[in-house]
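One structure below.
Residue numbers (my numbering): 106 to 321.
In structure tokens:
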């Protein structure tokens, strides 16, 4: 489990196809020193297991490797990764850590595409389009994880929503390298998914009226 608070920006050293999977090596001076082989790390919002970590005496810097499955490749923006790309990194939440963002599982639902980026006062507004079947998981001022970052959405429409980025978020994440047309990973709020499942069992489905009546 993760919080959506990015701890480090890693740099992709290579992303190589290996059968149906993708072998990715990421330079990370901070995370690689805390990570163990078999341990979990959130990369652009996708939970992965480290399969190799640089030796302490390595001349090639501090890095780790993961091997993404075909399912992960199909659901995420990993398919577009190239050497030099910046990725968001977060190690798993421990019981004594503060929950600064919201609970993030590291299981990507789908990808979205950035359609607009514009300044607004001291912040940056970013518009993201997504598949309409995920609209039921979004509510005004609700949470979504974008490339692993816990963010608040507003101006929610059927196929798009807006996020407002403060300078601190821009500086500490890979969003400062993003451009219009870029693909981002999306994980929708887990609570919304459980509510929808419960409502489907009841045969009523998740509706805006239900959410409003229950304080969402």
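We put the beta carbon where it would ideally sit given N, CA and C, even for glycine.
Query                                                                                                                                                                            : Result
Is the separation between the beta-carbon of residue 219 and that of residue 229 shorter than 8 Å?                                                                               : no
Cα-Cα, which of 227, 140, 173 is closest to residue 119?                                                                                                                         : 173
Is residue 194 closer than 8 Å to residue 113 when the C-beta atoms are compared?                                                                                                : yes
Would you say residue 137 and residue 159 are within 8 Å of each other, going by their C-beta atoms?                                                                             : yes
Alpha carbon to alpha carbon, how far is residue 167 from residue 217? Give it in angstroms, no decimals.                                                                        : 31 Å
Going residue by residue through the region 178-228, where are the continuous alpha helix (DSSP H) segments of at least 4 residues, counting only ones entirely within it?       : none
Do the region 269-277 and the region 182-192 touch if we need at least three Cβ pairs shorter than 8 Å?                                                                          : no
In the DSSP assignment, the beta strand (DSSP E) including residue 275 goes from what residue to what residue?                                                                   : Run containing residue 275: none in the beta strand (DSSP E); it sits in the alpha helix (DSSP H), 272-277.
Ordered along the chain, which non-local residues of its own chain (more than five positions away) have a Cβ less than 6 Å from that of residue 125?                             : 175
To which residues does DSSP link residue 115 through a beta bridge?                                                                                                              : 192
Drop a sphere of 10 angstroms on the beta-carbon of residue 282, count the other beta-carbons inside from all chains shown, and report buried for 16 or more, exposed for fewer. : exposed
Under the DSSP definition of a beta bridge, which residues are partnered with residue 169?                                                                                       : 131, 158
Nearest to residue 151 by CA position, among 122, 288, 211, is which residue?                                                                                                    : 211
Cβ of residue 292 within 8 Å of Cβ of residue 214?                                                                                                                               : yes
From this set, 265, 224, 111, 235, which residue's C-alpha is nearest residue 68's C-alpha?                                                                                      : Outside the modelled stretch of the chain, which goes from 106 to 321, sits residue 68, for which no answer is possible.
Classify residue 246 as helix, strand or coil using the three-state DSSP reduction.                                                                                              : coil
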